[in-house]
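A.B. asks: Before anything else, here's the structure in question.
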Amino acid sequence: MSRPKSPWWSRAVFYQIYPRSFADSDGDGVGDLDGITARMDYLDALGVQALWLNPVMVSPMADHGYDVSDPRDIDPLFGDLAALDRLVTAAHDRGIRVTMDLVPNHVSSAHPWFVEALADPSRRDRFIFRAGVDGGPPNNWVSIFGGPAWTQVPDGQWYLHLFDSAQPDLNWDHPEVFADIEATLRFWLDRGVDGFRIDVAHGMAKPAGLPDMDLTDNQLLRNRADDPRFDNDAVHDIHRFIRRVLDDYPEAVTVGEIWVHGNEQFAKYLRPDELHLGFNFQLVQADFDAVAVRTAIDNSLAAAALAGAAPTWTLSNHDVVREVSRYGDGSQGLARARAMALVKLALPGSVFVYNGAELGLPNVDLPDEVLQDPVWERSGRSERGRDGCRVPVPWSGSAPPYGFSSTADTWLPMPADWAPLTVEAQSGDPNSTLALYRRAIHLRSTRPEFSGDGVEWLGPQTFRRPGGLTCVFNTGDAPIPLPAGEVLLTCGPLTGGSLPPDTAAWVV
Ligand code: NOJ
Ligand code: MG
């Protein structure tokens, strides 16, 4: 096993692209691969070292690509294999790595295996089919998206789907499931892809006997510590299998989506023969509060250190409310999101930036009739779902579609008041959020002060990297003193020698 001391992914800035929403090249109102390729200079100027593309494999799009019906081809909505090759070449020409999304927990109900399983009960063993109990489903499990986790087929059997009914869970006790994932991994890695984000990396292995769950708390993607659906020990055998394939590609990386309880449980996924990186969602879950932020940072560092892995940092993704809105929306929400961007980019390890975060985009309140997330219908229209953080990126101009597409009929409508947020509007403004991100990523990637692992806390809102960078952030309501030294970057004006509320600064 090749373990270079400091692999590229242990300190990279990854940019997460939600392909539907980044840039549309063919005027159908949905972003696509050639759209991304056409914007590669933008990504280069932003200074990111790697991309993570949400799923672009063939899919009926019940969950916008997380329902894969052919894992080894590109959905025509996004392009084709040649378009992916163009994207990878354009990225590699600029020194940018490309990672894709791998969905091993489930497939689409349109996947040939599931079509075959429906037609022939003797071919159901690659999924989790069971007889019902007392006329109802086999156990009381609920879907993460709301409603039951079981759907009955016409002959009376039930199949398990932890997500939408169009996403049947695979049976990871079946050797063909292993063989197929290996084929998928090698297919994309052989094409030059640099690794994978692994969906629901704490899922896949189900407990023997499928025992009932406690139904008191089933918040989206936040399972309880005793939730039988997730984090079962056998999942680690699956990660070890994936890692053995990855080790044939020494430069490639895996980063797991891991929602588990406790640092020890988290660290298990990052043992030397499992995943390279794991998303730690502690910063996403922390309020804009000094104690909460420090606790999140310390815990994330401790969890990664337990496994000798690099920590990862993320403030948002396609599943959560955008940080500007989480921190209160308006100018204060934006100021806080900018401050937290400096906190995140000051930390050791790998940083993930969700497309649009660099523009300070807020979540969007969408009308009922445009909502597409399966969560909306499955929750009986009680949860609005995740569409509000997936609205297309505004590039230029003063009205929708803001250069995202040639049609104003974009897959989700774009707000009328986003003209000041476009890439074009922000590019010329040195105080814009885009300018802040560009500068911060550039400094992080080039200055020696960002070296070394771990952080030392110099105060409740001040930490120092071994290389000499000090980051101070102010979550309170009164200015706080700045540490001595040269101010490298701030996300807002300083008042005299002190740091105002909702602001952060880098000092060397
Ligand atoms: C996690 C993904 O991030 C989310 O978008 C998706 O709906 C579920 N996994 C199911 O694949
Ligand atoms: Mg398109």
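If you're matching positions, the sequence shown starts at 1 in full-length UniProt numbering and goes up one per residue. From the three backbone atoms N, C-alpha and C, an ideal C-beta is built for every residue, glycine too. Remember, predicted model here, so these are calculated numbers, not experimental data.
1. Which residue or residues does DSSP assign as beta-bridge partners of Val253?
2. Can you give me the start and stop residues for the beta strand (DSSP E) that Ala504 sits inside?
3. Which class does Leu210 belong to by DSSP, given the choice of helix, strand or coil?
4. Give me, in chain order, the residues of the same chain whose beta-carbon lies closer than 8 Å to that of Gln49; leave out the 5 immediate sequence neighbours on both sides.
5. Can the beta-carbon of Ile238 be found less than 8 Å from the beta-carbon of Ala267?
6. Have a look at the DSSP bridge pairing and note the partners of Met204.
7. With a Cβ-Cβ cutoff of 8 Å, do Asp212 and Asp226 count as a contact?
8. Figure out for me which residue from Gln16, Phe22, Leu458 has the closest Cα to the Cα of residue 509.
9. Could you check whether the Cβ of Ser21 sits closer than 7 Å to any heavy atom belonging to the ligand MG?
10. Excluding the 5 residues preceding and the 5 following Ser59 in the sequence, name in chain order all residues of the same chain whose CB lies nearer than 7 Å to its CB.
11. If you measure between the beta carbons of Ala131 and Trp141, is that distance less than 8 Å?
12. For chain C, is any of its Cβ atoms less than 8 Å away from the one on Asp453?
13. What is the DSSP secondary structure of Tyr42, reduced to helix, strand or coil?
14. Grab me the residues of Asp210's own chain with a C-beta within less than 6 Å of its C-beta, minus the 5 sequence neighbours each way, in chain order.
15. Reducing DSSP to helix, strand and coil, say where Ala12 ends up.
16. Assuming Val255 and Ile198 are in contact, meaning their beta carbons sit under 8 Å apart, how far apart are those beta carbons, in whole angstroms?
17. How close, in whole Å, do the beta carbons of Ser10 and Ser316 come, if the pair is a contact with beta carbons under 8 Å?
18. Checking the sheet assignment: what are the DSSP bridge partners for Ser350?
19. I'd like to check one pair, Ala339 with Ala504: are the Cβ atoms closer than 8 Å?
20. Find the nearest neighbour of residue 526 within the set Cys471, Arg326, Pro272, Ser432, judged by alpha-carbon distance.
21. Can you tell me which of the three DSSP states Glu383 falls into?
22. Determine the burial state of Glu257: buried for a count of at least 16 other Cβ atoms within 10 Å of its Cβ, exposed for fewer.
23. Give every residue whose Cβ lies closer than 5 Å to any heavy atom of the ligand MG, listed in chain order.
24. So, under 8 Å CB-CB, Phe450 and Leu436 are touching, yes? Tell me the CB distance rounded to an integer number of Å.
25. Pull up the DSSP beta-bridge partners for Glu456, would you.
26. Would you kindly check if the distance between the Cβ of Asp24 and the Cβ of residue 509 is under 8 Å?
27. For Ser427, which residues in the same chain have their Cβ closer than 7 Å to its Cβ, ignoring the five residues on either side in sequence?
28. Looking at Glu257 and the ligand NOJ, is the gap between the Cβ and the nearest heavy atom below 7 Å?
29. Short of 7 Å in beta carbon distance, which residues of its chain neighbour Leu189, apart from the five on each side in sequence? Order them along the chain.
30. Got a sec: does the ligand ADP put a non-hydrogen atom nearer than 7 Å to the Cβ of Asp227?
31. Between Asp429, Asp387, Asn171, Ala419, which has its C-alpha nearest Arg411's C-alpha?
32. In three-state terms, what does DSSP make of Met61?
33. Out of Glu486, Met57, Ser331, state which residue places its alpha-carbon closest to the alpha-carbon of Pro19.
34. For Val507 and Ala484, what's the separation of their Cα atoms in angstroms?
35. Answer yes or no: do Leu84 and Phe127 have a C-beta to C-beta separation smaller than 8 Å?
36. Using only the alpha-carbon positions, how far apart do Phe196 and Pro168 sit?
C.D. replies: Based on what the coordinates show:
1. In the DSSP output, where bridge partners are listed per residue, Val253 has Gly195.
2. Start and end: 503–507.
3. When secondary structure is reduced to three states using DSSP, Leu210 falls in the coil class, being assigned neither helix nor strand.
4. Trp8, Ala12, Val13, Phe14, Gly95, Ile96, Arg97, Ser445
5. no
6. Per DSSP, none; premise fails for Met204.
7. no
8. The chain is shown from 1 up to 508; residue 509 falls before or after that span and cannot be answered.
9. no
10. Gly65, Asp67, Val68, Ser69, Asp75, Ser108
11. no
12. No chain C is present in this structure, which holds just one protein chain.
13. helix
14. Note that residue 210 is Leu in the sequence shown, not Asp. Excluding its 5 nearest sequence neighbours in each direction, Leu210 has C-beta neighbours in its own chain below 6 Å: Asn139, listed in chain order.
15. coil
16. 7 Å
17. Contact flag wrong, Cβ pair sits at about 22 Å.
18. Thr312
19. yes
20. Residue 526 lies beyond the stretch modelled for the chain, which goes from 1 to 508, so this question has no answer here.
21. coil
22. buried
23. Asp24, Asp26, Asp28, Val30, Asp32
24. Wrong, their Cβ atoms sit about 16 Å apart, outside the cutoff.
25. Arg464
26. Past the edges of the chain, shown from 1 to 508, lies residue 509, and the structure says nothing about it.
27. Leu434
28. yes
29. So the qualifying residues of the chain are Tyr249, Ala252.
30. With respect to the ligand ADP, the structure offers nothing, as its ligand set consists of the ligand NOJ and the ligand MG.
31. Per the sequence shown, residue 411 should be read as Trp rather than Arg. The shortest C-alpha separation from Trp411 is found at Asp387.
32. Coil, per DSSP.
33. Met57
34. 8 Å
35. Contact: no.
36. 21 Å
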